Amino acid sequence: MGSLDGKVAVVTGAARGIGRAIAEGLDAEGAQIVVADLGGAEEAAKAFDDGVGVTVDVSKEDDVQRMAEEAVKHCGGIDILVNNAGLYASLAMRPFEQIPLDEWRQVMDVNVASMFLTCRACVPLMRERGGGRIVNISSGTPFRGVPFVLHYVTSKGAIVAFTRALAKELGKDNVLVNCVAPGFTMSAGVQEHPEVIEALRNVSVAARTIQRDQLPEDVVGAVVYFCGPGSDFVTGQTIVIDGGQTFH
Ligand SMILES: NC(=O)c1ccc[n+]([C@@H]2O[C@H](COP(=O)([O-])OP(=O)(O)OC[C@H]3O[C@@H](n4cnc5c(N)ncnc54)[C@H](O)[C@@H]3O)[C@@H](O)[C@H]2O)c1
50 MGSLDGKVAV VTGAARGIGR AIAEGLDAEG AQIVVADLGG AEEAAKAFDD
100 GVGVTVDVSK EDDVQRMAEE AVKHCGGIDI LVNNAGLYAS LAMRPFEQIP
150 LDEWRQVMDV NVASMFLTCR ACVPLMRERG GGRIVNISSG TPFRGVPFVL
200 HYVTSKGAIV AFTRALAKEL GKDNVLVNCV APGFTMSAGV QEHPEVIEAL
250 RNVSVAARTI QRDQLPEDVV GAVVYFCGPG SDFVTGQTIV IDGGQTFH
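Residue numbers for the sequence shown follow our numbering, so the first one is 50 and each next one is one higher.
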């Protein structure tokens, strides 16, 4: 018996990295997983019992609508939405005046507007089932004011505000909305960028209370908690998971 038996969980960006680890954690608790990703969704879904893969750009309204429709078609509805897909390690670090406006807008679209779209598509389906859980993936960066990725840090701060305000709106519907903010994590996306590892790995470890690398698996327990019965009376909250680098 898992704590999420019978639940359907849509995890965006779950083909790899932190999203993949989260999907594995929810699967281990018995949830049926919908992997929603730009690439590799169907392949990744094969790892899960009754997993469903949907190729989707979460910043595109039509794609997100189709994602929700596919979840209903294959799984009968949606109980859990984990908004994890986002742009991070591929972003060049630079002074804010050098960030192109197009890149600023792309980060806001993929990291923030995507959550508006996924919630708009999925919340009506959660209401039909008497409630649901939404977990948004932010970052420790807005709490520390990390420089040279202003668009990214701004987008992740917006996710904390989004979580609080949406939680207030949806409490009456028994849809709980919470947020997890990881520190610098050795995800697949980060592994592709040695320059990011060079710039951030050692300084991050040194700044932590628990001084080791952060792995995607470190984030899973908090997400599972926010999706399960142990958090029935918890909404609008953000947990920072960064080995005690930030106290929030
Ligand atoms: N790695 C870190 O240090 C770190 C720290 C804090 C927060 N985060 C956040 O965690 C989340 C996952 O990061 P990660 O490091 O695991 O990344 P990753 O690059 O390893 O994986 C991201 C996944 O999201 C998918 N994706 C990207 N854009 C998408 C889009 N528009 N539509 C659908 N899918 C899309 C990618 O295809 C990929 O499978 C992001 O929101 C990131 O900002 C990461």
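Cβ atoms here follow ideal geometry from the backbone N, Cα and C, with glycine treated the same way. If you're wondering where the values come from, they're calculated on a predicted model, not measured in any experiment.
Would you say the beta carbon of residue i comes nearer than 7 Å to a heavy atom of ligand 1?
{"i": "residue 68", "result": "yes"}
{"i": "residue 141", "result": "no"}
{"i": "residue 199", "result": "no"}
{"i": "residue 133", "result": "yes"}
{"i": "residue 186", "result": "yes"}
{"i": "residue 103", "result": "no"}
{"i": "residue 280", "result": "no"}
{"i": "residue 231", "result": "yes"}
{"i": "residue 261", "result": "no"}
{"i": "residue 159", "result": "yes"}
{"i": "residue 166", "result": "no"}
{"i": "residue 52", "result": "no"}
{"i": "residue 237", "result": "yes"}
{"i": "residue 264", "result": "no"}
Note down the Cα distance separating residue i from residue j, rounded to an integer number of angstroms.
{"i": "residue 108", "j": "residue 252", "result": "32 Å"}
{"i": "residue 55", "j": "residue 100", "result": "13 Å"}
{"i": "residue 227", "j": "residue 247", "result": "32 Å"}
{"i": "residue 122", "j": "residue 105", "result": "16 Å"}
{"i": "residue 268", "j": "residue 150", "result": "31 Å"}
{"i": "residue 114", "j": "residue 158", "result": "16 Å"}
{"i": "residue 197", "j": "residue 50", "result": "46 Å"}
Is the CB-CB distance between residue i and residue j below 8 Å?
{"i": "residue 187", "j": "residue 120", "result": "no"}
{"i": "residue 57", "j": "residue 125", "result": "yes"}
{"i": "residue 116", "j": "residue 59", "result": "yes"}
{"i": "residue 184", "j": "residue 276", "result": "yes"}
{"i": "residue 93", "j": "residue 103", "result": "no"}
{"i": "residue 127", "j": "residue 80", "result": "no"}
{"i": "residue 132", "j": "residue 203", "result": "no"}
{"i": "residue 136", "j": "residue 160", "result": "yes"}
{"i": "residue 258", "j": "residue 292", "result": "yes"}
{"i": "residue 166", "j": "residue 218", "result": "no"}
Please classify residue i: does DSSP put it in a helix, a strand, or coil?
{"i": "residue 271", "result": "helix"}
{"i": "residue 240", "result": "helix"}
{"i": "residue 231", "result": "strand"}
{"i": "residue 58", "result": "strand"}
{"i": "residue 160", "result": "helix"}
{"i": "residue 85", "result": "strand"}
{"i": "residue 184", "result": "strand"}
{"i": "residue 199", "result": "helix"}
{"i": "residue 68", "result": "helix"}
{"i": "residue 127", "result": "coil"}
{"i": "residue 294", "result": "coil"}
Measure from the C-beta of residue i to each C-beta in chain D and report whether the shortest distance is under 8 Å.
{"i": "residue 152", "result": "Structure shown: chain D not included; a single protein chain is present."}
>> Quick check: the region 77-87 against the region 280-297, are at least 3 beta-carbon pairs closer than 8 Å?
In response: Note that the region 280-297 does not touch the region 77-87; fewer than 3 beta-carbon pairs, one per stretch, sit closer than 8 Å.
> Just checking, does the region 252-271 make contact with the region 198-213 on the three C-beta pairs under 8 Å criterion?
Replying inline: By the Cβ criterion, the region 252-271 is not in contact with the region 198-213, since fewer than three pairs of Cβ atoms, one from each stretch, lie closer than 8 Å.
> Should the region 138-153 be called in touch with the region 69-78, which here means at least 3 C-beta pairs below 8 Å?
Replying inline: As far as the Cβ criterion goes, the region 138-153 does not touch the region 69-78, which means the pair count is below three.
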